[in-house]
Amino acid sequence: MTLAQWLLGSVVFVPLAAALVAAVAPHRGFVVALPTAAAGCVATVALAVVVARSGPVAMMLGGWTEPVGIGLRADGMSVAFLATAAVVGLLVTVYASGWADARGGPFFWSLWLTMWAGLNAVFVAADLFNTYVALELVTVSGVGAVALGGARAAGAALRYLLLAVLGSLWFLLAVALLYAAAGSLALAQVSSRLAAEDGVTVAVAVTVATLGLGLKSALVPMHAWLPPAHAGAPSAVSPLMSALVIKASLFVLFRLWTTLPVDAALLIVSQAVGLLGCVAVVWGSVAALRQDKLKRVVAYSTVAQVGYFVLLVPLTAPALAEGAGAEARAVATLAVQGTIAFVVGHALAKTAMFTAAGCLLHSYGTDDLAALRGAASRHPVPVMAFGVASVALAGLPPALAFAGKWQLMTASLDGGQWWWLPVLVGGGLLTAAYSVRVLAVMFRAPDDGRADDCPAGPARMRWAALTAAVAAAVLGIGTSAAIGLSSTGVLGAAL
Amino acid sequence: MTRLEWYLALGAVLTVLGSTRMLLERDAVRRVVAVNVAGSGVFVIMVALAARTDPPDPVLHALVLTGIVIAVSVTGLALVLLRRTQQPPGGGPADDDAETGDSA
Numbered sequence: 027m028t029l030a031q032w033l034l035g036s037v038v039f040v041p042l043a044a045a046l047v048a049a050v051a052p053h054r055g056f057v058v059a060l061p062t063a064a065a066g067c068v069a070t071v072a073l074a075v076v077v078a079r080s081g082p083v084a085m086m087l088g089g090w091t092e093p094v095g096i097g098l099r100a101d102g103m104s105v106a107f108l109a110t111a112a113v114v115g116l117l118v119t120v121y122a123s124g125w126a127d128a129r130g131g132p133f134f135w136s137l138w139l140t141m142w143a144g145l146n147a148v149f150v151a152a153d154l155f156n157t158y159v160a161l162e163l164v165t166v167s168g169v170g171a172v173a174l175g176g177a178r179a180a181g182a183a184l185r186y187l188l189l190a191v192l193g194s195l196w197f198l199l200a201v202a203l204l205y206a207a208a209g210s211l212a213l214a215q216v217s218s219r220l221a222a223e224d225g226v227t228v229a230v231a232v233t234v235a236t237l238g239l240g241l242k243s244a245l246v247p248m249h250a251w252l253p254p255a256h257a258g259a260p261s262a263v264s265p266l267m268s269a270l271v272i273k274a275s276l277f278v279l280f281r282l283w284t285t286l287p288v289d290a291a292l293l294i295v296s297q298a299v300g301l302l303g304c305v306a307v308v309w310g311s312v313a314a315l316r317q318d319k320l321k322r323v324v325a326y327s328t329v330a331q332v333g334y335f336v337l338l339v340p341l342t343a344p345a346l347a348e349g350a351g352a353e354a355r356a357v358a359t360l361a362v363q364g365t366i367a368f369v370v371g372h373a374l375a376k377t378a379m380f381t382a383a384g385c386l387l388h389s390y391g392t393d394d395l396a397a398l399r400g401a402a403s404r405h406p407v408p409v410m411a412f413g414v415a416s417v418a419l420a421g422l423p424p425a426l427a428f429a430g431k432w433q434l435m436t437a438s439l440d441g442g443q444w445w446w447l448p449v450l451v452g453g454g455l456l457t458a459a460y461s462v463r464v465l466a467v468m469f470r471a472p473d474d475g476r477a478d479d480c481p482a483g484p485a486r487m488r489w490a491a492l493t494a495a496v497a498a499a500v501l502g503i504g505t506s507a508a509i510g511l512s513s514t515g516v517l518g519a520a521l
Numbered sequence: 005m006t007r008l009e010w011y012l013a014l015g016a017v018l019t020v021l022g023s024t025r026m027l028l029e030r031d032a033v034r035r036v037v038a039v040n041v042a043g044s045g046v047f048v049i050m051v052a053l054a055a056r057t058d059p060p061d062p063v064l065h066a067l068v069l070t071g072i073v074i075a076v077s078v079t080g081l082a083l084v085l086l087r088r089t090q091q092p093p094g095g096g097p098a099d100d101d102a103e104t105g106d107s108a
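Those protein sequences? They're chains A and B, same order as listed.
Start counting the first sequence at 27; every next residue gets the next number (the working numbering).
Start counting the second sequence at 5; every next residue gets the next number (the working numbering).
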């Protein structure tokens with residue numbers, strides 16, 4: 027086994043082992059979580075270097091071959107998502123150590139580490155059934171983490187659990203159909219073994235899977251569960267849910283739509299998915315404008331951003347159709363790179379926004395926008411983190427989201443799908459609108475007599491928020507090479 | 005209609021009915037039951053697909069077994085959460101089944 031293969035296995039099993047330790051000794055969770063998160067960052071950087079130098083890494087656990095064995099594989103997209111999970115995880119770990127209420131309970135640490143193991147397992151899974159199991163691991167630990175919000179959050183957690191499980195069942199149905207058609211669960215073998223007469227089965231399977239994963243990723247109109255779950259969760263759980271958990275199902279959606287063959291029916295489905303994405307951008311942003319609690323504004327913003335992510339589907343679909351040329355492939359590559367950059371930028375910005383909201387919640391005891399008047403003068407660091415993250419999310423240069431949007435726009439134009447442009451451009455304005463509405467309240471002159479009863483939280487909470495925001499805002503500089511490598515080994519025929 | 009088609013249709017009907025009821029129902033207990041009905045539909049389809057060959061495909065059977073285990077544990081977790089939501093406000097400590105919920 028090479029070093030890269032060791033790393034590939036360890037990104038799943040080290041967090042899982044740490045989760046077990048943290049479950050046995052919940053009050054020492056931070057002592058376990060911090061080194062694990064730091065080691066995770068180092069491991070993913072090392073893995074990224076290997077993938078950038080010599081292409082995708084793969085291994086079979088325990089030497090068992092398919093279909094019995096468990097295959098792991100990391101390509102450019104996996105590495106980008108792994109690194110995002112590690113960095114966001116490290117920042118949230120530091121943040122969560124600052125305030126017990128942000129964690130909701132001592133079991134936060136083991137739930138978060140389990141969630142991380144599940145996320146990494148989704149990102150490196152080479153076969154469809156392990157993807158299903160890992161998605162369920164993420165869901166169950168995510169539900170447990172939301173439920174740490176106390177009796178208030180239990181209803182939201184239950185709703186999230188039921189909808190996420192229904193989404194997983196639909197995905198499982200799709201996995202069974204693909205297995206029936208191709209006789210294999212390994213994604214690489216499935217795409218190569220599918221014959222022309224399986225077209226209908228594949229179309230049904232991919233449509234059902236897209237529905238299920240859309241439900242799990244809160245794609246409009248299946249989004250109603252997200253705001254109560256993400257906003258009701260404890261302060262340290264909300265960033266994990268919004269930055270990472272929805273990315274797990276999106277990652278699987280991207281995997282399917284960059285690997286499996288696409289026929290005429292699926293081309294129509296892909297356009298429908300893009301259309302839902304456009305509706306999501308507008309609907310989520312308008313809903314965010316109408317919220318009167320800070321965390322709910324940020325949660326609806328996630329609903330809107332999911333709309334951008336699924337634009338990958340209509341942009342890559344033509345490249346997977348029968349007889350697609352090099353041009354369609356180039357468009358798909360651009361779209362994959364743009365979406366990955368956008369996803370990473372969104373994860374960092376959402377971490378910053380939710381942790382900043384958590385700092386203000388800690389100081390004021392509420393996240394009602396009306397109560398946050400004048401927060402900018404009393405708590406400048408979290409407000410600045412929120413502001414910088416908003417700018418990054420809206421996609422102003424040099425933010426990572428700007429680089430991503432630019433690539434997506436180029437891909438839309440090159441691919442002849444100009445109808446996505448208004449949403450890509452206009453969505454940034456909508457993002458700016460709901461963030462400026464929040465910032466305007468915070469910059470208003472403070473009410474009298476409230477100066478003393480809102481103490482600032484521990485400094486590391488504020489600085490974790492600001493670090494995430496600044497990273498989201500400046501990572502567009504000098505990262506074009508990394509963005510270019512993020513599509514290594516992703517698209518179908520390269521498997 | 006062959007036996008395979010019959011079971012596939014049965015599974016599809018169960019899945020569609022369970023999913024629809026789950027999405028339209030407001031009562032949480034019925035939603036939990038509806039998810040289980042939808043799950044049974046998916047499992048019926050998988051077992052039917054496994055029976056296309058003689059002997060039946062063991063891989064699909066293994067998948068169904070794993071699926072059932074996950075469905076049972078998720079139902080347990082859902083029931084714990086359900087009990088928490090139905091506690092009257094202020095009636096007893098809200099966190100007393102925190103550990104059950106976390107380990108389920």
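No residue lacks a Cβ here, since even glycine has one placed at the ideal position from N, Cα and C.
Going by other Cβ atoms of all chains shown within 10 Å of its Cβ, with 16 needed for buried, is residue i buried or exposed?
i: A:W196; result: buried
i: B:L28; result: exposed
i: B:L8; result: exposed
i: B:T6; result: exposed
i: A:P82; result: buried
i: A:P408; result: buried
i: A:T392; result: exposed
i: A:A135; result: Sequence check: residue 135 of chain A is Trp here, not Ala. When all chains shown are included, A:W135 counts as buried.
i: B:L69; result: exposed
i: B:A90; result: One detail in the question is off: residue 90 of chain B reads as Gln in this sequence, not Ala. By the neighbour-count rule (16 or more Cβ atoms within 10 Å), B:Q90 is not buried but exposed.
i: A:M85; result: buried
i: A:L187; result: buried
i: A:S506; result: exposed
i: A:M27; result: exposed
i: A:E162; result: buried
i: B:G22; result: buried
Which same chain residues, not among the five before or five after residue i, have their C-beta less than 7 Å away from its C-beta?
i: B:P1; result: Coverage of chain B is limited to positions 5 through 108, which leaves residue 1 of chain B absent and any answer about it impossible.
i: B:L14; result: V48
i: A:V299; result: T236, V336, V339, P340
i: A:R178; result: G258
i: A:L387; result: S261, D393
i: A:L192; result: L241
i: A:P481; result: S389
Measure from the alpha carbon of residue i to the alpha carbon of each residue in the options, then state which is nearest.
i: A:L302; options: A:P340, A:L266, A:Q317, A:P265; result: A:P340
i: A:G515; options: A:A69, A:M103, A:L98; result: A:M103
i: B:A66; options: A:G88, A:L60, A:G95; result: A:G95
i: A:A397; options: A:G441, A:L434, A:A420, A:K319; result: A:K319
i: A:A100; options: A:T62, A:P61, A:V496, A:A214; result: A:A214
i: A:L292; options: A:A109, A:Q317, A:P344, A:A106; result: A:P344
i: A:V496; options: A:A269, A:L73, A:A411, A:S438; result: A:A411
i: A:A485; options: A:Y121, A:Q297, A:A180; result: A:Y121
i: A:P265; options: A:F56, A:S512, A:G193, A:A490; result: A:A490
i: A:A152; options: A:G97, A:L439, A:W125, A:S194; result: A:G97
i: A:G225; options: A:L241, A:A212, A:A208; result: A:A208
Looking only at its chain, what residues have a beta carbon closer than 6 Å to the beta carbon of residue i, apart from the 5 residues adjacent to it on each side?
i: A:T165; result: A190
i: A:L198; result: Y158
i: A:V278; result: T157, L239
i: A:A257; result: K321, R322, A325
i: B:V46; result: T19
Between which residues of its own chain and residue i is the CB-CB distance below 8 Å, once the five residues before and five after are set aside?
i: A:H53; result: P132
i: A:M267; result: G168, A171, V172, A255, H256, A259
i: A:L73; result: A30, L33, L34, V37, V83, A100, V105, L108
i: A:G89; result: G95
In chain D, which residues lie less than 7 Å from residue i when you measure between Cβ atoms?
i: A:G181; result: Among the protein chains in the structure shown, which are A and B, there is no chain D.
Counting pairs of beta carbons, one from the segment 128-148 of chain A and one from the segment 227-242 of chain A, are three or more of them closer than 8 Å? At 8 Å Cβ cutoff, the stretches do not touch.
Counting Cβ pairs, one atom from each stretch, are 3 or more of them under 8 Å apart for the segment 363-383 of chain A and the segment 330-338 of chain A? With contact defined as three or more Cβ pairs closer than 8 Å, the segment 363-383 of chain A and the segment 330-338 of chain A are in contact.
If we require 3 or more residues per run, which beta strand (DSSP E) segments fall completely within the segment 432-493 of chain A? The qualifying runs do not exist here; there are none.
Does the segment 445-465 of chain A come close enough to the segment 325-333 of chain A to have 3 or more Cβ pairs within less than 8 Å? Cβ pair count under 8 Å is three or more, so yes.
How do the segment 347-355 of chain A and the segment 242-262 of chain A stand: do at least 3 beta-carbon pairs fall below 8 Å, yes or no? With a cut-off of 8 Å on Cβ pairs, the segment 347-355 of chain A is not in contact with the segment 242-262 of chain A, counting fewer than three such pairs.
Would you list, in sequence order, the uninterrupted alpha helix (DSSP H) runs of no fewer than 4 residues that lie entirely inside the segment 192-263 of chain A? Correct list: 213-219, 225-242, 252-258.
Is it the case that the segment 372-379 of chain A contacts the segment 399-406 of chain A, given that we only count it when at least three CB pairs across the two stretches are under 8 Å? In this structure the segment 399-406 of chain A does not lie against the segment 372-379 of chain A, because fewer than three pairs of beta carbons, one per stretch, are closer than 8 Å.
Are three or more beta carbon pairs between the segment 61-68 of chain A and the segment 107-121 of chain A nearer than 8 Å? The answer is yes - the segment 107-121 of chain A touches the segment 61-68 of chain A, with three or more Cβ pairs under 8 Å.
Write down every uninterrupted run of the alpha helix (DSSP H) in the segment 289-331 of chain A whose length is 4 residues or greater and which is fully enclosed by it, in chain order. Listed in chain order, the complete alpha helix (DSSP H) runs (minimum 4 residues) inside the segment 289-331 of chain A are 290-315.
With a floor of 3 residues, list each beta strand (DSSP E) that falls wholly inside the segment 337-407 of chain A, ordered by position along the chain. Scanning the segment 337-407 of chain A from its first residue to its last, no whole beta strand (DSSP E) run of 3-plus residues comes out.
Fully enclosed by the segment 92-169 of chain A, which alpha helix (DSSP H) runs are 4 residues long or longer? Within the segment 92-169 of chain A, the complete alpha helix (DSSP H) runs of at least 4 residues fall at 102-122, 126-129, 134-150.
Across the segment 207-227 of chain A and the segment 281-298 of chain A, are there enough close Cβ pairs to call them in contact, namely three or more that are closer than 8 Å? The answer is yes - the segment 281-298 of chain A touches the segment 207-227 of chain A, with three or more Cβ pairs under 8 Å.
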